[in-house]
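For the sequence shown, the UniProt record's numbering gives the first residue as 1, with consecutive numbering after it. By construction, the Cβ of each residue, glycine as well, lies at the ideal position given by its N, Cα and C atoms. Taking it in order: structure first as structure tokens, then the write-up.
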Amino acid sequence: AIRPETILHFGKKRGIPLPGSTVDDLLKYVSYKTPVTLTQFLEKFNHYMPAIAGDREAVRRIAYELVESKAKEGIIYMEVRYSPHLLANSKVEPIPWGHQEGDLTPDEVVSLVNQGLQDGERDFRIKVRSILCCMRHMPSWSPEVVELCKKYRNSSVVAIDLAGDESLKVDASSEHTKAYEEAERCGIHRTVHAGEAGPAAMIKEAVYLLKAERIGHGYHVLEDPELYKELLRTKMHFEVCPWSSYLTGACLPDFRKHPVAQFRKDQANYSISTDDPLIFNSTIDKDYSIAKEYMGFTEEEFKRVNINAAQSSFLPEKEKQELLNTLYEAYGMVPINAGWARGKMPALPCWTCKLCLLMQVVPTSHATFPSVIKELHVSLLEVAAL
């Protein structure tokens with residue numbers, strides 16, 4: 001989630017060679033529009049991360065610029081996730097991206113990201129929180145990740161995540177498991193990338209071993225009907241990104257057969273977000289457009305998706321309710337317990353009763369709907385520097 005202009009700036013400033021000297025040339029190496037292999041995808045990071053990692057100004061700036069970019073897309077709340085260790089060059093083993101030992105620790109990375117996000121919140125008037133990622137291939141980093149979640153839980157950080165190669169399974173004695181147990185003990189929210197390219201068994205691992213409250217992607221849950229049925233019953237939230245699932249080969253290339261279409265049919269608890277905006281050249285509008293064009297999503301379904309996202313966010317309850325109220329007002333709705341429950345009726349007849357009841361809201365005016373979705377989004381899966 002880094003602007004190519006920023007990569008070029010810090011590459012030049014730090015004397016770090018890049019594969020291109022202009023935005024267009026750089027994007028030929030770090031972005032793509034057709035599916036590639038996992039190896040080819042991971043190579044993209046090697047082209048630009050050396051210019052960013054280990055630099056205090058760069059870390060703070062990319063966080064700030066991300067808020068600006070997403071505010072322009074109409075997002076009013078997002079949870080952005082990243083690995084502090086992949087941006088550090090001190091007190092991290094091994095030092096990533098071929099860097100030499102420096103003086104930027106994972107702890108200071110989190111502090112700098114928080115500063116950038118908070119400055120962005122102030123300047124662009126949206127709410128942003130962050131999620132710190134453990135990496136499957138580096139279990140030795142996970143104990144520090146959960147400690148950083150605890151340290152900064154009152155300063156932007158709201159949850160812990162586990163990302164990376166799903167072929168690397170987690171067992172009960174691993175550092176990942178211990179970190180998640182500590183997170184649960186301390187009341188730190190938990191999400192896990194699972195069932196993206198990996199099988200449904202990875203989702204089962206995330207839910208029952210790591211006690212995940214949300215699942216990143218989760219498309220392959222459909223391979224296990226019993227698990228899927230149980231997660232529908234418990235309203236497990238799936239963070240889905242249609243465009244990235246196409247480019248990574250996580251799902252079939254025919255969007256009409258995408259798991260999100262099934263989630264929609266089954267009225268699952270899910271949200272639609274963007275993933276790796278730089279590499280996938282994506283915006284929230286692109287993912288929404290795919291859902292609309294190929295899966296038949298309507299304005300009403302996008303409203304439901306945003307309500308799902310807000311309800312499943314990792315905000316404290318008071319802030320979550322404020323976010324929901326913002327959406328209800330924008331969508332011309334009021335919560336049932338604030339409307340019908342007090343004997344009030346909607347201003348107009350409800351022609352989407354089933355949908356409204358699912359969202360626990362009633363419409364106050366359908367006349368305001370058409371322009372709203374373009375203006376207000378809640379995004380739960382923005383990935384920065386992973």
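Burial of Asn-89 is indicated by the presence of at least 16 other C-beta atoms within 10 angstroms of its C-beta. Rounded to the nearest whole angstrom, the CA to CA distance from Leu-18 to Val-113 is 24 Å. If you look at Phe-314, you'll find it isn't in any alpha helix (DSSP H); DSSP assigns it neither H nor E. Residue range 38–52 is occupied by the alpha helix (DSSP H) that includes Phe-45.
Look at the region 185–255 and you find these whole runs of alpha helix (DSSP H), each 4 residues long or longer: 200–204, 225–233 and 242–247. Judged by DSSP secondary structure, Ala-159 falls within the beta strand (DSSP E) whose first and last residues are 157–163.
Contact check for Arg-185 and Phe-314: beta-carbon distance about 17 Å, past the 8 Å limit, so the pair fails to qualify. Counting along the chain, Glu-79 sits inside the beta strand (DSSP E) bounded by residues 75–82. For Lys-127, the three-state secondary structure derived from DSSP is strand.
It is roughly 31 Å from the alpha-carbon of Glu-226 to the alpha-carbon of Met-78. Under DSSP, Met-135 forms a beta bridge with Ala-163. For Tyr-294, the uninterrupted alpha helix (DSSP H) run begins and ends at 284–295, by DSSP.
The beta-carbon distance between Val-158 and Gly-120, rounded to whole angstroms, is 16 Å. This is too long to meet the 8 Å contact definition. Spatial neighbours of Phe-10 in its own chain (CB-CB distance under 7 Å, excluding positions within 5 residues in sequence) are listed in chain order as Ala-51, Ile-52, Asp-55 and Ala-58. Beta-bridge partners of Asn-306 (DSSP): none assigned. Leaving aside the five residues that flank Asp-107 on each side, the residues in its chain whose CB is nearer than 7 Å to its CB run, in chain order, Leu-148.
The bridge partners DSSP lists for Tyr-270 are Phe-238.
Around Pro-35, the same chain offers Leu-247 and Gly-249 as residues with beta carbons nearer than 6 Å, after the five sequence neighbours per side are excluded.
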